[in-house]
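The structure appears right after this line, and notes come after that.
Residue numbers (our numbering), protein chains in the order written: chain E, 1 to 440; chain D, 1 to 178.
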């Protein structure tokens, strides 16, 4: 699906062209601007075209250009930016900045013949035609347009006829659907002459890479939940592999990039201190392993302290989750179930409970992950190297658990009260007693 | 000529060195301990019903944000809910072997008004660090110990027991503002 830009020509169509330096990654850049417009076209890794006429209610063309400039600065990229009514002109105006289209030099004719760089085989013919045009003292587009269209094919070939027609608003280009990549990854290769041996140069590169990944995901309306850093070492050894991987978890939303960078730095430092790098680093890669929806929030200008507190809370949770594992830092999501081990789950985000009041009998505040088998003999039992004398057996309760689990089947629970006042939650299953919790 | 020695009072000496006057800190009310716990207090709870005692404090102060830290999680959030605690505002942390680091991070972050932790064999130095951090960030720090420690660091050591519905709260040690 696509639309012809000629239909919009003269109706305020605006195409922004971003020309990248050599070895630029046009696709990544396009993903960053995906949130601004879905109408994106690429010219290999050389240029990105963004059609922004539909976004005029959100921002003006001038504002958009400033935003582009700021974004490029954030990711440390220097690029040329231009804007025009169609793709070829936007490219030509970016490469040869002039006040008006008619003053463009004829060197920009390849932009009109093949704006998306799909036919490289035509380039020598076009260059030859431009050379001939110069010999005829035709230097600008204005002069070129004075040539009658009927004479162009005979004298300069069909490619220049196409350019002539495009200059007059014919043969518009089709906007194809742009699909962002599923795998979000950024790589940086270090100079092999002096590959870094410590992490300091890595941090210089890491920041813009993180920024780029953050913006790419934001373009898709996503955010990082987990990612890994791969430090490619020069050689592999028998003991250690060539790739040195460090995993980072960011379980909560609204974490700023500064925080993510700090967490990453801490984790990398700790990992390398524990398990040092053996060789020089030749490549740094960042791969997003899990993403989540990006939730935007309005800045609260009346309660900035609240925002700061939330930010420090998310920072703390992310640091803890990165160090201890995402499963170890959690909120409890309660569920209604008779089985004590199944009435709550670990959740990474705050969630409102499904239950408000409970019909389930009182449960112990301490519940063991696995019931401990104990032996009760003449009103005595041992736990934690201590012997307890049972004073009272209370509140018998029968529960049925899954037969394939440990102590599955029928469980007869009882509250044991000892002479010291300690209260234990014990159940009997197939003539074996298990200690399942403590009313502490 | 006789020389007379003038002995200044403690208050005068305090004024000379520019010491700040000791003003009482605000206290968080609690029905089981009517004096309440002051902000930045380090309370060590021991006894058979120590967890329930902490849970009841959380129930009576649902507006407080809470971190609950254990080496291996054995606390039952469902039972906390049954006791009337607002479980949604509690962040649970399973510190494993990094429990000390986790506790330091949580206490120093200042994100929580109450921190409840299980005593995992902390030493005197750790206690002192917890006390300074909780005083600095003004949060209530409850340490649940199976038996009362011999340390002088906690502001308050309570030994709590319960028989049926009757609470037996014994103050083992009180220091400073207690």
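Every residue, glycine too, gets a C-beta built ideally from N, C-alpha and C.
Task: Interface residues of the segment 359-372 of chain E facing chain D [CB-CB below 7 Å] - done: Of all residues in the segment 359-372 of chain E, 362, 363, 364, 365, 366, 367 and 368 have a Cβ within less than 7 Å of some Cβ in chain D.
TODO: With a floor of 4 residues, list each alpha helix (DSSP H) that falls wholly inside the segment 80-115 of chain E, ordered by position along the chain.
DONE: Annotation note: the segment 80-115 of chain E contains the following uninterrupted alpha helix (DSSP H) runs of length 4 or greater, listed N- to C-terminal: 87-95 and 109-113.
Open item on the list: For residue 192 of chain E and residue 66 of chain E, what's the separation of their Cα atoms in angstroms?
Closed with: Between the alpha carbons of residue 192 of chain E and residue 66 of chain E lies a gap of roughly 36 Å.
- [ ] Identify every residue that forms a DSSP beta bridge with residue 67 of chain D.
- [x] For residue 67 of chain D, which the question treats as bridged, DSSP gives the partners D:91 and D:115.
Open item on the list: For a cutoff of 7 Å on Cβ pairs, would you count residue 334 of chain E as touching chain D?
Closed with: Taking CB atoms only, residue 334 of chain E has a neighbour in chain D less than 7 Å away.
- [ ] Could you tell me if residue 6 of chain D is buried or exposed, where buried requires 16 or more neighbouring beta carbons within 10 angstroms of its beta carbon?
- [x] By the 10 Å Cβ count, residue 6 of chain D comes out exposed.
Task: Where the segment 73-101 of chain D meets chain E: residues whose CB sits under 9 Å from a CB there - done: Close to chain E, meaning a Cβ-Cβ distance shorter than 9 Å, are the following residues of the segment 73-101 of chain D: 73, 74, 75, 76, 77, 78, 79, 80, 81, 82, 83, 87, 88, 89, 90, 91, 92, 93, 94, 95, 96, 98 and 101.
Task: the segment 426-439 of chain E touching the segment 356-376 of chain E, judged by at least three CB pairs closer than 8 Å - done: Counting Cβ pairs under 8 Å, three or more are found: they touch.
- [ ] Mind listing, in chain order, the continuous alpha helix (DSSP H) runs of no fewer than 4 residues lying wholly within the segment 113-139 of chain E?
- [x] Along the length of the segment 113-139 of chain E, whole alpha helix (DSSP H) runs at least 4 residues long occupy 123-135, reported in chain order.
Open item on the list: Just to confirm before moving on: does the CB-CB distance between residue 87 of chain E and residue 144 of chain E stay below 7 Å?
Closed with: Not a contact, by the Cβ cut-off of 7 Å.
Task: Straight-line Cα distance separating residue 34 of chain E from residue 95 of chain E - done: Separation of residue 95 of chain E and residue 34 of chain E (C-alpha to C-alpha, rounded to the nearest whole angstrom) is 23 Å.
Task: Where the beta strand (DSSP E) containing residue 292 of chain E begins and where it ends - done: Residues 281-293.
- [ ] Give the range of the beta strand (DSSP E) segment to which residue 140 of chain D is assigned.
- [x] Residue 140 of chain D -> beta strand (DSSP E) spans 140-144.
Task: Listed by chain order, chain D residues near residue 490 of chain E by CB distance under 9 Å - done: Lying before the first or after the last residue shown, residue 490 of chain E is absent from chain E, which here runs from 1 to 440.
Open item on the list: Spatial neighbours of residue 186 of chain E within its chain, please: C-beta separation below 6 Å, excluding the five flanking residues on both sides.
Closed with: Counting only Cβ-Cβ distances below 6 Å, and skipping sequence neighbours, we find 209, 212, 213 and 286.
Task: Alpha-carbon spacing of residue 20 of chain E relative to residue 104 of chain D, whole angstroms - done: Between the alpha carbons of residue 20 of chain E and residue 104 of chain D lies a distance of about 47 Å.
- [ ] Determine the DSSP secondary structure at residue 23 of chain E, reduced to helix, strand or coil.
- [x] If DSSP states are grouped into helix, strand and coil, residue 23 of chain E belongs with coil.
TODO: Taking only beta carbons into account, state which residues of the segment 40-72 of chain D come closer than 7 Å to chain E, listed in chain order.
DONE: For the segment 40-72 of chain D, the beta-carbon criterion of a distance under 7 Å to any beta-carbon of chain E is satisfied by 48, 49, 50, 51, 52 and 55.
Open item on the list: In this structure, how does DSSP classify residue 201 of chain E when only helix, strand and coil are distinguished?
Closed with: Annotated three-state conformation of residue 201 of chain E is helix, per DSSP.
Task: Proximal residues, the segment 129-159 of chain D versus chain E, C-beta separation under 9 Å - done: Answer set for the segment 129-159 of chain D: 144 and 146.
Task: Spatial distance of residue 342 of chain E from residue 335 of chain E (CA atoms) - done: Spanning the two alpha carbons is a distance of roughly 7 Å.
Task: Three-state secondary structure assigned by DSSP to residue 79 of chain D - done: If DSSP states are grouped into helix, strand and coil, residue 79 of chain D belongs with the helices.
Task: First through last residue of the alpha helix (DSSP H) which encompasses residue 419 of chain E - done: No alpha helix (DSSP H) contains residue 419 of chain E, which DSSP labels as neither H nor E.
Open item on the list: Going by DSSP in three states, residue 41 of chain D sits in which element: helix, strand or coil?
Closed with: Residue 41 of chain D falls in the coil class under three-state DSSP.
TODO: Tell me residue 373 of chain E's beta-bridge partners as DSSP assigns them.
DONE: Beta-bridge pairing links residue 373 of chain E to E:434.
Task: 8 Å contact criterion, which residue 160 of chain D and residue 38 of chain D should meet: CB distance rounded - done: Not confirmed; about 19 Å, so no contact.
TODO: Mind reading off the beta-carbon distance from residue 126 of chain E to residue 110 of chain E? Whole number of angstroms is fine, and I expect it under 8 Å.
DONE: Confirmed, about 5 Å.
Open item on the list: Going by DSSP in three states, residue 168 of chain D sits in which element: helix, strand or coil?
Closed with: Residue state, collapsed to three classes: strand.
Task: Alpha-carbon spacing of residue 56 of chain D relative to residue 340 of chain E, whole angstroms - done: Cα to Cα, the separation comes out at about 21 Å.
Task: Inter-stretch contact (C-beta, 8 Å, three-pair minimum) for the segment 80-96 of chain D and the segment 121-134 of chain D - done: Segments in contact, no.
Open item on the list: Judging by CA-CA distance, which residue of E:27, E:32, E:61 and E:53 is the nearest neighbour of residue 45 of chain E?
Closed with: Nearest to residue 45 of chain E by alpha-carbon distance, out of E:27, E:32, E:61 and E:53, is E:27.
- [ ] Kindly indicate which residue of E:81, E:141, E:198 and E:117 has the alpha-carbon position closest to the one of residue 107 of chain E.
- [x] Answer by Cα proximity: E:141.
Open item on the list: Given this structure, state the Cα-to-Cα distance separating residue 41 of chain D from residue 155 of chain D, to the nearest angstrom.
Closed with: Between the alpha carbons of residue 41 of chain D and residue 155 of chain D lies a distance of about 6 Å.
TODO: Use the C-beta contact count for residue 82 of chain E: other C-beta atoms within 10 angstroms, 16 or more gives buried, fewer gives exposed.
DONE: With 16 or more other CB atoms across the displayed protein chains lying within 10 angstroms of its CB, residue 82 of chain E is buried.
Task: the segment 252-261 of chain E / the segment 174-190 of chain E touching (three or more Cβ pairs under 8 Å) - done: Contact fails: fewer than three Cβ-Cβ distances are below 8 Å.
Open item on the list: I'd like to know whether the C-beta of residue 161 of chain D is nearer than 7 Å to at least one C-beta of chain E.
Closed with: With a threshold of 7 Å between beta carbons, residue 161 of chain D makes contact with chain E.
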